[in-house]
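Residue 8 is where the sequence shown starts when you use the working numbering, and the numbers rise one by one after that.
A virtual CB, placed ideally from N, CA and C, is assigned to each residue, including glycine.
What follows is a set of notes on a single structure, which appears directly below.
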Amino acid sequence: MVFLLDELSIIAGAAFVAAGYEESYGRVLRSSRPDLCEFQCNGAMAAAKAAHKNPLEIAEDIGGRLKGSSVFSEVAVVKPGFLNLRLDGDFLLSRLSLMVEDENLGLVKARDRRKVMVDYGGPNVAKPLHIGHLRAAIIGESVKRLGKALGHEMIGDIHMGDWGLQMGLIIAELKRRNPSLPYFQDGGGDYPAHAPFTLSELEEIYPTASARSKEDASFKAEAMEATKALQQGHEGYRAIWRQIMDISVADLKKNYERLNVSFELWKGESDADPYIAPLVQRLKDEGYAHESQGALVVDIAEEDDVKEIPPCMILKSDGAALYTTTDLATLVERVQDFNPERIIYVADKRQSLHFTQVFRTAKKTDIVPEETRLDFLGFGTMNGKDGKPFKTREGGIMRLSDLIDDVVALMYQKIRNNEALSLSEEEAREIAEMVAVSAIKYGDLSNQASKDYVFDIDKFTSFEGNTGPYILYTIVRIKSIIRKYKEKFKTVEGCAFHGVGSGDEKSLMLLLASFDQVISEAFENLAPHRVCAYIYELANAFNHFYHETKIIAEEDREKREGWIALLLLILRVLEKSIDILGMEAPERM
Ligand code: ARG
Numbered sequence: 008m009v010f011l012l013d014e015l016s017i018i019a020g021a022a023f024v025a026a027g028y029e030e031s032y033g034r035v036l037r038s039s040r041p042d043l044c045e046f047q048c049n050g051a052m053a054a055a056k057a058a059h060k061n062p063l064e065i066a067e068d069i070g071g072r073l074k075g076s077s078v079f080s081e082v083a084v085v086k087p088g089f090l091n092l093r094l095d096g097d098f099l100l101s102r103l104s105l106m107v108e109d110e111n112l113g114l115v116k117a118r119d120r121r122k123v124m125v126d127y128g129g130p131n132v133a134k135p136l137h138i139g140h141l142r143a144a145i146i147g148e149s150v151k152r153l154g155k156a157l158g159h160e161m162i163g164d165i166h167m168g169d170w171g172l173q174m175g176l177i178i179a180e181l182k183r184r185n186p187s188l189p190y191f192q193d194g195g196g197d198y199p200a201h202a203p204f205t206l207s208e209l210e211e212i213y214p215t216a217s218a219r220s221k222e223d224a225s226f227k228a229e230a231m232e233a234t235k236a237l238q239q240g241h242e243g244y245r246a247i248w249r250q251i252m253d254i255s256v257a258d259l260k261k262n263y264e265r266l267n268v269s270f271e272l273w274k275g276e277s278d279a280d281p282y283i284a285p286l287v288q289r290l291k292d293e294g295y296a297h298e299s300q301g302a303l304v305v306d307i308a309e310e311d312d313v314k315e316i317p318p319c320m321i322l323k324s325d326g327a328a329l330y331t332t333t334d335l336a337t338l339v340e341r342v343q344d345f346n347p348e349r350i351i352y353v354a355d356k357r358q359s360l361h362f363t364q365v366f367r368t369a370k371k372t373d374i375v376p377e378e379t380r381l382d383f384l385g386f387g388t389m390n391g392k393d394g395k396p397f398k399t400r401e402g403g404i405m406r407l408s409d410l411i412d413d414v415v416a417l418m419y420q421k422i423r424n425n426e427a428l429s430l431s432e433e434e435a436r437e438i439a440e441m442v443a444v445s446a447i448k449y450g451d452l453s454n455q456a457s458k459d460y461v462f463d464i465d466k467f468t469s470f471e472g473n474t475g476p477y478i479l480y481t482i483v484r485i486k487s488i489i490r491k492y493k494e495k496f497k498t499v500e501g502c503a504f505h506g507v508g509s510g511d512e513k514s515l516m517l518l519l520a521s522f523d524q525v526i527s528e529a530f531e532n533l534a535p536h537r538v539c540a541y542i543y544e545l546a547n548a549f550n551h552f553y554h555e556t557k558i559i560a561e562e563d564r565e566k567r568e569g570w571i572a573l574l575l576l577i578l579r580v581l582e583k584s585i586d587i588l589g590m591e592a593p594e595r596m
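Right, dumping it as C-alpha cells:
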C-alpha cells in the first residue's frame with residue numbers, strides 16, 4: 008500500500024498530465040485549513056507561472072477532471088488557484104480495512120528493507136549510569152524500534168566505554184589497597200573465580216581513584232601505566248578487567264531493562280582494540296595519514312566547508328590511540344561482521360565534530376563503502392527547572408536509578424490517591440513503575456532530540472496534556488470501553504466499519520490513514536518526537552469523539568459496531584506507537 012498522500016498525488020498528477028502539464032504539479036498535501044477541506048493541491052499556481060496562464064483556469068480544468076474520480080467526494084476550486092479536496096468515505100474505509108487486515112498496520116513496505124546498526128547507550132563501565140546516558144538510551148531505543156516497525160533489520164550496539172583510563176584508575180586503586188592480590192603478582196595465571204569487590208565497592212573505587220589522580224601525580228602515572236599494560240595484554244589486569252566487566256554489565260542490564268531498553272550487541276571500545284594497529288598501518292601505507300607535530304593525522308577539510316574542520320587525529324604524539332581511532336576501528340569491525348547499509352550514532356550533540364571527523368575519515372580512507380550511510384543524531388542536554396544541567400538536590404550528579412525511583416514514588420502516590428481503582432499493593436507498584444517510565448521517556452521523546460529540554464517531573468507525570476501518562480490513560484480508556492462492550496455484547500468479532508458518520512469520526516479515520524507515512528518519516532528524519540505529536544493528536548481526537556458519542560448505549564447496531572471497529576484500530580495504532588517509543592500501557596490506571 009502506498010502512502011495515502013502519494014496515492015492522491017498520483018491521481019491529481021494524472022489529471023495534470025491529461026491537461027498537458029507536468030505530473031509533479033499534482034502534489035497533494037494535508038490541508039493547512041482543516042475547517043475548509045481535508046487535503047489541498049496548490050500545483051495550479053506553479054503550473055500557471057511556468058505556462059504563463061491564469062492559475063484559476065488551470066485549477067478549474069484540473070478540478071473538473073478530478074470530480075470524475077471516485078476518490079474525492081468534494082473538489083472545490085478557490086481563488087487564486089487552490090484545489091480544496093475532501094476524501095470519498097468508501098475510499099477511506101477501503102484503505103482502513105487494508106490496514107486492519109495487515110498485522111503490521113501497513114507499516115512494512117517490503118521493497119526497501121535495510122540493514123541498520125544503531126550505536127547508542129555508550130555507558131562508561133564502572134561508573135554508575137547517570138542521566139547523561141538516559142537520553143542516548145531512550146532516543147536510540149526508539150530509533151531502533153522505528154526501523155524495526157518498518158521492517159528493517161535493526162542491530163543495536165551499546166558500545167560501552169570499557170577501555171579507557173577509568174579502567175587503569177580502578178586497577179591502580181585496587182593495587183594500592185591490596186597489592187598482594189594475585190592479579191598483581193608476576194607469573195600469575197591462577198586468579199580467583201570471583202571478583203574481590205562488590206558492585207557498590209566498585210562504584211566507590213572509581214570516584215575515589217579519579218579524585219586521587221587529580222591530586223597525586225604519581226598515582227595518575229601509575230593509572231596510565233596500568234591502562235597501557237591492560238591494553239597491551241597484561242594477564243592479571245585482563246583478568247581483573249573481565250571481573251569488573253561482569254559485575255558492571257550485570258548492573259547495566261538491570262538498569263536498561265527497567266527502561267525497556269535492550270541491545271542486540273553488548274560490544275565496547277575494547278572490542279575495537281585488535282583492529283587499531285592494522286588500521287593505523289594501512290592508513291600510513293596508503294598515504295592517507297601523515298605526521299603533524301608528532302601526531303598522526305588524516306586531513307579531512309573539504310573545499311566548501313564554512314567552518315574549519317581540523318584534521319582527524321589517529322595517534323597522539325606519544326603513540327596512544329584516541330576516541331576517534333576507536334570509533335574508526337569499530338567501523339572496520341562493523342563492516343567486516345555486518346556490512347550494514349546505514350549506521351546511526353546517538354550521542355550528545357557536543358560530540359558533533361568528533362563524528363564529522365570519524366565519518367569523513369571513514370569515507371575518505373575506504374573504511375566504509377561509499378554508499379554506506381553514516382548518521383549522527385546528536386541530542387541536547389536535559390536541564391533542571393533552573394535551566395542548568397539536571398543535578399541532585401545536593402548539586403551532585405544524579406544517578407539514573409535514583410531519578411527513576413523518584414518518579415515511581417510520585418506516580419505510586421497518584422495511583423494510591425485514586426481509591427476507586429482498588430488495587431493490590433503489588434498491582435499499584437507495577438502500574439506506578441510502568442507509568443513512571445513512560446512519563447520519563449515521553450517527556451524526553453516528545454521534544455526534538457537536538458534541543459535541550461527541562462526535566463519537569465510535575466508536568467511529565469500529569470495525566471493531562473502532552474504527556475506519557477495522558478497517552479497511557481487514553482489507551483486504558485479504550486481498553487475499558489472494549490471490555491464493557493464485551494460484557495454486554497459478548498464479542499468484538501465481526502465489528503466492521505459501517506460508514507464514515509460524523510466529522511469527528513472522519514477526522515479520526517484520516518489520522519489513522521496517515522499512520523504509515525508518519526512512522527516512515529519519523530524514521531527517515533530520526534525524529535521520534537513526530538510519533539509523539541501524532542499520538543497526542545490522535546488521543547485528543549479520540550477523547551473528543553468519546554465525549555460526544557455514547558458508544559455502548561447506541562441502539563443502532565451497525566453504528567455501534569462501526570465505532571467499535573474504529574476503537575479497535577485506534578487502540579492498535581496507539582499500542583504500536585507506544586511500543587515504538589519503548590513504552591508499555593497497563594490494563595488499568
Ligand atoms: N561513551 C561515550 C560517552 O559517554 C559515548 C559513546 C558514543 N558512541 C560512540 N561510538 N562514540 O561520552
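The nearest non-hydrogen atom of ligand 1 is less than 6 angstroms from the C-beta of N131. If you draw a straight line from the Cα of Y541 to the Cα of E180, it comes to about 51 angstroms.
In this structure, DSSP gives S299 an extended state, which the three-state scheme calls strand. Counting only runs of 3+ residues, the beta strand (DSSP E) found wholly inside the stretch 23-97 occupies 35-37, 46-48, 79-85 and 89-94, in chain order. DSSP assignment within the stretch 178-229 yields the following whole alpha helix (DSSP H) runs of 4 residues or more, N-terminal first: 206-222. N61 sits exposed, since fewer than 16 C-beta atoms from the chains shown fall within 10 Å of its C-beta. Annotation for G163: the continuous beta strand (DSSP E) segment containing it runs E160 to D164. Residue environment analysis places G506 among the exposed positions, since fewer than 16 neighbouring C-beta atoms fall within 10 angstroms of its C-beta. According to the DSSP assignment, M320 belongs to the beta strand (DSSP E) that extends over C319 to L322. With a cut-off of 8 angstroms on Cβ pairs, the stretch 569-576 is in contact with the stretch 484-496, counting three or more such pairs. Unbroken beta strand (DSSP E) runs of no fewer than 3 residues, entirely contained in the stretch 318-388, are found at 319-322, 349-355 and 380-386, following chain order. In the DSSP assignment, K122 falls within the beta strand (DSSP E) that extends over K122 to D126. DSSP places N131 in the strand class (E or B) of the three-state scheme. Residue range E242 to R265 is occupied by the alpha helix (DSSP H) that includes I247. In the DSSP annotation of this structure, the continuous segment of the alpha helix (DSSP H) that includes S277 starts and ends at E276 to D292. Distance from V256 to A144 at the Cβ level is roughly 15 angstroms; contact not present, criterion being Cβ atoms closer than 8 angstroms. Of the other Cβ atoms in all chains shown, fewer than 16 fall within 10 Å of the Cβ of M8; this residue is therefore exposed. A straight line joining the alpha-carbon of G326 with that of D13 spans about 55 angstroms. With respect to the C-alpha of M161, the residue from L103, L272, E222 and L99 having the closest C-alpha is L272. Looking at S225, Q420 and H536, the one whose alpha-carbon comes closest to that of L176 is S225.
The C-alpha of L103 lies about 13 angstroms from the C-alpha of D95. Nearest in C-alpha terms to G113, of all of G33, E29, F270 and A520, is A520.
Classified as exposed, H554 has fewer than 16 neighbouring CB atoms from the shown chains inside 10 Å of its CB. About 5 angstroms separates the Cβ atoms of I351 and V125, confirming a contact at the 8 angstroms cut-off. Residue range P535 to E555 is occupied by the alpha helix (DSSP H) that includes C539. DSSP places H137 in the strand class (E or B) of the three-state scheme.
For the options I138, A284 and V365, the alpha carbon positioned closest to that of G128 is the one of I138.
Here N111 carries a coil assignment [DSSP, helix/strand/coil].
Counting the other Cβ atoms within 10 Å of the Cβ of K395 gives fewer than 16, which makes it exposed.
Judged by pairs of C-beta atoms under 8 angstroms, the stretch 397-404 does not touch the stretch 343-360, as fewer than three such pairs exist. If you compare the alpha carbons of R183, D280, H59 and K466 with that of S445, the shortest gap goes to K466.
Put simply, the backbone Cα of T205 is about 34 angstroms away from that of G385.
Distances taken from the Cβ of D334 to the heavy atoms of ligand 1 include one shorter than 6 angstroms. Per DSSP, reduced to three states, the secondary structure at N424 is helical.
Relative to ligand 1, the beta carbon of G168 is positioned inside 6 angstroms of a heavy atom. Leaving aside the five residues that flank D278 on each side, the residues in its chain whose CB is nearer than 7 angstroms to its CB run, in chain order, E340.
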